[in-house]
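Below you'll find the structure, written out as structure tokens, and then a few comments.
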């Protein structure tokens, strides 16, 4: 066993050195530099450009990014991506006829929160897939498991692989595009989401109707509705009533299609449609944007949803998290009593944090950090009343900053919430 681990570590270091050499050679050619000029740019001696481990320090990564005119993330991605040897699946007894059972087993393991098992089954399904559509579908369900585990970048990577496969059936291609839109929304990319979702719906309007296409349409309406809803400000929102109406129409369309799928007997139930449970609470926020008369009722009803007792039923915890967002936005738009407002924000923030930590949903974790920061900033807590950084908070902040790129612009502010940073034992 030790020999196998040592061999893998040797292979990893060799691959890292090879990748670093590739980037340095590319930078020299791109800039027309000598080895000495490259060394000066990277702050290293010419004979020490490649560390034994193959993994450069951060200043070298930054220097390479500048030399190549690349974002730093692109350099890191190239250095860290697995080799083609590592992405191949070991030979097994699986056959093409096992594809459907492996596919369904992956779905079930994801629902059971066995994400590693779900990913393994999806990879095995992809290895025995006998046509392009099945290969793309296997990538798609692997993406679902990564997303459910909080690994949004891995989820996006799987979907991008799937979208590049030639010969995929149109309904599956549109479903994959829709899932890309949903992951991008979780990462904070609203404008892209609207464009992708609208494109999917345009293509789907003229395509042959299938259950997969219906799921793509429902999810596209869901994604676009969220992007529109999230764009509505909490101040001066009156001019955005038409946007709220469009978001409501998308949520209604998403729900109608999902209910038809649920009733079709085609197996589209809990595994695919957990978002159905949240549409009613999201609609309450949008209805309040359009009509101040129902704002008070919306706030009271949403409070009752957020305060509901915990349950393990599928979709209920997610519904409470969405209700927390809807409640926070509605309260900020309409409540004049500051203490009542900040009490509601504390309730919403706590519910979002609980859901984020329980499910590794870093989108909701990001929303928690924003609400908690807003509440504490308003009450003058930052710096003075900063909280100790415990293991749960550290996991939350690391998850959000690691998987939600739009959060990083406020990284200093989020970390300032925890003035006593603590740390692990030495």
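In this note's numbering, the protein residues as written are -9 to 416.
All C-beta atoms in this analysis are idealised placements derived from N, C-alpha and C, irrespective of residue type, glycine included.
All figures in this text were calculated on a predicted structure; none of them were measured in a lab.
Pairwise C-alpha distance: residue j and residue i
i           : j           : result
residue 356 : residue 397 : 7 Å
residue 130 : residue 403 : 35 Å
residue 232 : residue 281 : 12 Å
residue 14  : residue 224 : 48 Å
residue 17  : residue 30  : 13 Å
residue 384 : residue 392 : 12 Å
residue 326 : residue 308 : 28 Å
residue 292 : residue 269 : 12 Å
residue 164 : residue 134 : 15 Å
residue 25  : residue 12  : 13 Å
residue 96  : residue 154 : 22 Å
residue 7   : residue 42  : 8 Å
residue 56  : residue 399 : 20 Å
residue 273 : residue 266 : 12 Å
residue 405 : residue 285 : 34 Å
residue 449 : residue 313 : Residue 449 falls outside the range modelled here, since the chain spans only -9 to 416, and no answer is possible.
residue 105 : residue 389 : 17 Å
residue 290 : residue 156 : 51 Å
residue 330 : residue 28  : 60 Å
Residue i Cβ short of 7 Å to the ligand SAH heavy atom set
i           : result
residue 174 : In the structure on display, the ligand SAH does not appear, and there are no ligands present to speak of.
Beta-carbon proximity of residue i to residue j, cut-off 8 Å
i           : j           : result
residue 226 : residue 264 : no
residue 254 : residue 215 : no
residue 152 : residue 187 : no
residue 102 : residue 92  : no
residue 113 : residue 144 : no
residue 350 : residue 140 : yes
residue 315 : residue 363 : no
residue 347 : residue 382 : yes
residue 234 : residue 276 : yes
Nearest-angstrom Cβ-Cβ length linking residue i and residue j, presumed shorter than 8 Å
i           : j           : result
residue 207 : residue 191 : 6 Å
residue 213 : residue 171 : 4 Å
residue 161 : residue 197 : 7 Å
residue 108 : residue 128 : In fact, because the Cβ distance is near 11 Å, the residues do not count as touching under 8 Å.
Own chain residues within Cβ distance below 7 Å of residue i, not counting five before or after
i           : result
residue 177 : 142, 394, 395 and 396
residue 310 : 295, 296, 298, 341 and 345
residue 10  : 40, 44, 46 and 69
residue 202 : 161, 162 and 165
Contacts around residue i, its chain only, beta-carbon distance under 6 Å, and the 5 residues preceding and following it disregarded
i           : result
residue 146 : 173
residue 50  : 32
residue 401 : 391
residue 158 : 122, 123 and 126
residue 182 : 174
Other residues of its chain near residue i: CB distance less than 8 Å, five sequence neighbours each side excluded
i           : result
residue 361 : 318, 335, 338, 339 and 342
residue 189 : 167
residue 62  : 51, 52 and 55
residue 184 : 214, 217 and 218
residue 76  : Because the pLDDT at residue 76 is just 43, under 50, the model does not fix this residue reliably, and the point stays unresolved.
residue 195 : none
residue 148 : 129, 130, 132, 133 and 136
Proximity to residue i [Cα-Cα], best of the options
i           : options               : result
residue 358 : 380, 386 and 349      : 386
residue 87  : 197, 120, 149 and 169 : 120
residue 354 : 152, 45, 137 and 187  : 137
residue 69  : 59, 85, 47 and 32     : 47
residue 150 : 140, 159 and 169      : 169
residue 220 : 406, 266 and 279      : 279
residue 236 : 222, 248, 247 and 249 : 222
residue 20  : 28, 288, 58 and 111   : 58
residue 323 : 283, 352, 380 and 67  : 283
residue 89  : 65, 117 and 64        : 117
Min CB distance residue i to chain B below 8 Å
i           : result
residue 388 : Any reference to chain B falls outside this structure, which holds one protein chain only.
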